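Visitor: Going letter by letter, the sequence shown gives residues 17 to 421 in this note's numbering.
The beta carbon of each residue, even a glycine, is placed where N, CA and C say it ideally should be.
Being a predicted model, the structure only gives us computed values, none of them experimental.
I'd like to ask you about the structure that follows.
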Amino acid sequence: MIRHLHRSEGLSQRAIARQLRIARDTVADALASDGPPKYQRAPVPSAISAVEPQVRALLMAYPQMPATVIAERVGWTGSISWFRERVRAIRPEYLPADPVDRLDHPPGRAVQCDLWFPPVKMPVGFGQQAMLPVLVMVAAFSRFITAVMLPSRQTMDLVAGMWQLLSGSFTAVPHELWWDNEAGIGRRGRLTEPVTALMGTLGSRMVQLKPYDPESKGIVERANRYLETSFLPGRTFESPLDFNAQLAQWLPIANSRTVRVLGARPVDLLDADRDAMLTLPPVAPVIETVTAVRLGRDYYVRVAGNDYSVDPTAIGQLVEVRTTLAEVTVARSGRVLARHQRCWAARQTLTDPDHVQTAAQLRHQFQHRTGVTEPEHPVRDLADYDRAFGVDFTGTGTGTDGEVA
17 MIRHLHRSEG
27 LSQRAIARQL
37 RIARDTVADA
47 LASDGPPKYQ
57 RAPVPSAISA
67 VEPQVRALLM
77 AYPQMPATVI
87 AERVGWTGSI
97 SWFRERVRAI
107 RPEYLPADPV
117 DRLDHPPGRA
127 VQCDLWFPPV
137 KMPVGFGQQA
147 MLPVLVMVAA
157 FSRFITAVML
167 PSRQTMDLVA
177 GMWQLLSGSF
187 TAVPHELWWD
197 NEAGIGRRGR
207 LTEPVTALMG
217 TLGSRMVQLK
227 PYDPESKGIV
237 ERANRYLETS
247 FLPGRTFESP
257 LDFNAQLAQW
267 LPIANSRTVR
277 VLGARPVDLL
287 DADRDAMLTL
297 PPVAPVIETV
307 TAVRLGRDYY
317 VRVAGNDYSV
327 DPTAIGQLVE
337 VRTTLAEVTV
347 ARSGRVLARH
357 QRCWAARQTL
367 TDPDHVQTAA
377 QLRHQFQHRT
387 GVTEPEHPVR
397 DLADYDRAFG
407 VDFTGTGTGT
417 DGEVA
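Written out as structure tokens, the structure reads:
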């Protein structure tokens, strides 16, 4: 406005100052500059500028050194939050490059597996609640999602969960199963024995990804986030069985959505994925834990922290305990001694009333048993031995050999 009045209207600086009601010095400064007036402050060196060369030297040698350790090494005494912020801005200049390749997943090749822990307390009975794992398996080509809640992350539960999803949802076996370094699957390049047996039965290959490589199984990681943001909100669960029932109803809806990166629905690509997979084995793999224990006098066996009653007639004998995801069975020589639904709670005692009644009868018989008589054995007459050795103890004479009897 000042320049317009001066150049176009021909007003003097004094007239402009009077018309705009501003100081004449302001008018003179505006006419002498090419831009709008602004406040400029001379740069002042900050406290961190003095130690920044030392910080950069440490980051060059140790790019991952924590900011608190750097502050200690350079003798920083100011605000640690400000120091962290400055180190956070400098650190990327010294971190080594970590490129990520884009993976190509042909049909039937891989299924990515992971454990998702829903941030909800699940009622497991007996007034207890627990955060239970959910096994999530996603086909890398079709993005078809399957999932089931498990009672634990132990090896046999993982094996049983994988077989349940492969045989029930995929009805086929991929050429590779991708896992991270889950302890129940294996560590340091060595698979656990049950997992090795499962892979041998399936004819498939287990691929354990390297540590700090989350991008390799990003498909299942995104599925975990999708379950947490789309399935979980607004739902309540009465038990793990109710959770699995609601999940089974929701998964067909999830698999019918269009995946943007594919431009298609997972349910439409599943057939192509399944056709390239291996067929299910003719013999089902071992998916139950089998242990042999000697039944004690209290006629209970312990499985995963819970005690289950057994027919007390087998006390003192070796019994075979079989544990699946849903059931605990105790048998001996093919005879079932106990069958219980598996308890997902902890520190519980599950008793069959028939076992208590049998124990009471056996206890009564033991406490009221009659005296035990010694069995009769044939006793030989001692005179037979005398006659055999020619000894006569009936008289006072001498024997046949002249010796005194």
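With burial defined as no fewer than 16 other Cβ atoms inside 10 Å of the residue's Cβ, what is the status of tyrosine 401: buried or exposed?
Guide: Translated into the one-based positions of the sequence shown, residue 401 becomes position 385. Under this definition tyrosine 401 is an exposed residue.
Visitor: Grab me the residues of threonine 245's own chain with a C-beta within less than 6 Å of its C-beta, minus the 5 sequence neighbours each way, in chain order.
Guide: Locating residue 245 in the sequence shown gives position 229, where the first residue counts as 1. For threonine 245, where only same-chain residues beyond five positions count, there are no Cβ hits under 6 Å.
Visitor: Where does the unbroken beta strand (DSSP E) through histidine 121 begin, and where does it stop?
Guide: The sequence position of residue 121 within the sequence shown is 105, counting from 1. It is not in any beta strand (DSSP E) - histidine 121 carries neither H nor E in the DSSP assignment.
Visitor: Given a cut-off of 8 Å on the beta-carbon distance, is the pair tyrosine 315 and proline 297 in contact?
Guide: The count along the sequence shown starts at 1 and reaches residue 315 at position 299. The count along the sequence shown starts at 1 and reaches residue 297 at position 281. Against a cut-off of 8 Å, the Cβ pair of proline 297 and tyrosine 315 comes out as no contact.
Visitor: How should threonine 384 be labelled, buried or exposed, when 16 other C-beta atoms within 10 angstroms of its C-beta is the threshold for buried?
Guide: On the sequence shown, residue 384 is found 368 positions in, with the first residue counted as 1. The sequence given here places histidine at residue 384; threonine does not occur at that position. So histidine 384 counts as exposed.
Visitor: With a threshold of 16 other CB atoms inside 10 Å of the CB of glycine 415, please say whether the residue is buried or exposed.
Guide: By one-based count along the sequence shown, residue 415 stands at place 399. For glycine 415, the predicted model reports a pLDDT of 48, less than 50, meaning its position is unreliable; a value from the coordinates is still stated below. With fewer than 16 Cβ atoms within 10 Å of its Cβ, glycine 415 is classed as exposed.
Visitor: Looking at the structure shown, is arginine 72 part of a helix, part of a strand, or coil, going by DSSP?
Guide: Counted from its first residue, the sequence shown places residue 72 at position 56. It is helical.
Visitor: Restricting to runs no shorter than 4 residues, where is the alpha helix (DSSP H) found entirely within the stretch 201-259?
Guide: Listed in chain order, the complete alpha helix (DSSP H) runs (minimum 4 residues) inside the stretch 201-259 are 209-218, 234-242.
Visitor: Arginine 303 by DSSP, collapsed to three states: which one?
Guide: Position 287 of the sequence shown, counted from the start, is the residue given in the question as residue 303. Note on residue identity: the sequence assigns isoleucine, not arginine, to residue 303. Residue state, collapsed to three classes: coil.
Visitor: Using alpha carbons as the reference points, say which of Leu131, Ile86, Arg72, Leu27 lies closest to proline 108.
Guide: Your numbering for residue 108 matches position 92 in the sequence shown. Ranking Leu131, Ile86, Arg72, Leu27 by Cα distance to proline 108 puts Arg72 first.
Visitor: Ordered along the chain, which non-local residues of its own chain (more than five positions away) have a Cβ less than 8 Å from that of methionine 172?
Guide: As a first step, residue 172 must be located in the sequence shown, where it is residue number 156. Excluding positions up to five away in sequence, the list reads Pro210, Ile303, Glu304, Thr305, Thr339.
Visitor: List the residues that DSSP assigns as beta-bridge partners of serine 325.
Guide: Looking up residue 325 in the sequence shown gives position 309. Paired residue(s): Tyr316.
Visitor: Throw me the rounded Cβ distance for the arginine 125 and glutamate 192 pair, which I believe falls under 8 Å.
Guide: Along the sequence shown, one-based indexing puts residue 125 at 109. Along the sequence shown, one-based indexing puts residue 192 at 176. The Cβ separation is near 6 Å, so the contact holds.
Visitor: Take valine 152 and list the residues in its own chain whose beta-carbon comes closer than 8 Å to its own, dropping the five residues that flank it on each side.
Guide: Here the question's residue 152 lines up with position 136 in the sequence shown. Cβ within range, chain order: Cys129, Asp130, Leu131, Trp132, Ile161, Thr162, Ala163, Val236, Ala239, Asn240, Leu243.
Visitor: For alanine 404, count neighbouring Cβ atoms within 10 angstroms of its own Cβ and tell me buried if that reaches 16, exposed if not.
Guide: Counting from one through the sequence shown, the residue named residue 404 turns up at place 388. Per the 10 Å Cβ criterion, exposed.
Visitor: Do you know how far the Cα of aspartate 45 is from the Cα of isoleucine 32?
Guide: The sequence position of residue 32 within the sequence shown is 16, counting from 1. The sequence position of residue 45 within the sequence shown is 29, counting from 1. Near 13 Å, if we compare the C-alpha coordinates of aspartate 45 and isoleucine 32.
Visitor: May I ask you to verify whether the stretch 137-157 touches the stretch 199-214, counting CB pairs closer than 8 Å and requiring at least 3?
Guide: At 8 Å Cβ cutoff, the stretches do not touch.
Visitor: Please determine, among Pro149, Arg34, His121, the residue with the shortest C-alpha to C-alpha distance to asparagine 260.
Guide: Counting from 1 along the sequence shown, the entry for residue 260 is found at position 244. Of Pro149, Arg34, His121, the residue nearest in Cα terms is Pro149.
Visitor: With DSSP run on the structure shown, which of helix, strand or coil describes valine 150?
Guide: Indexing the sequence shown from 1 puts residue 150 at position 134. Strand at valine 150.
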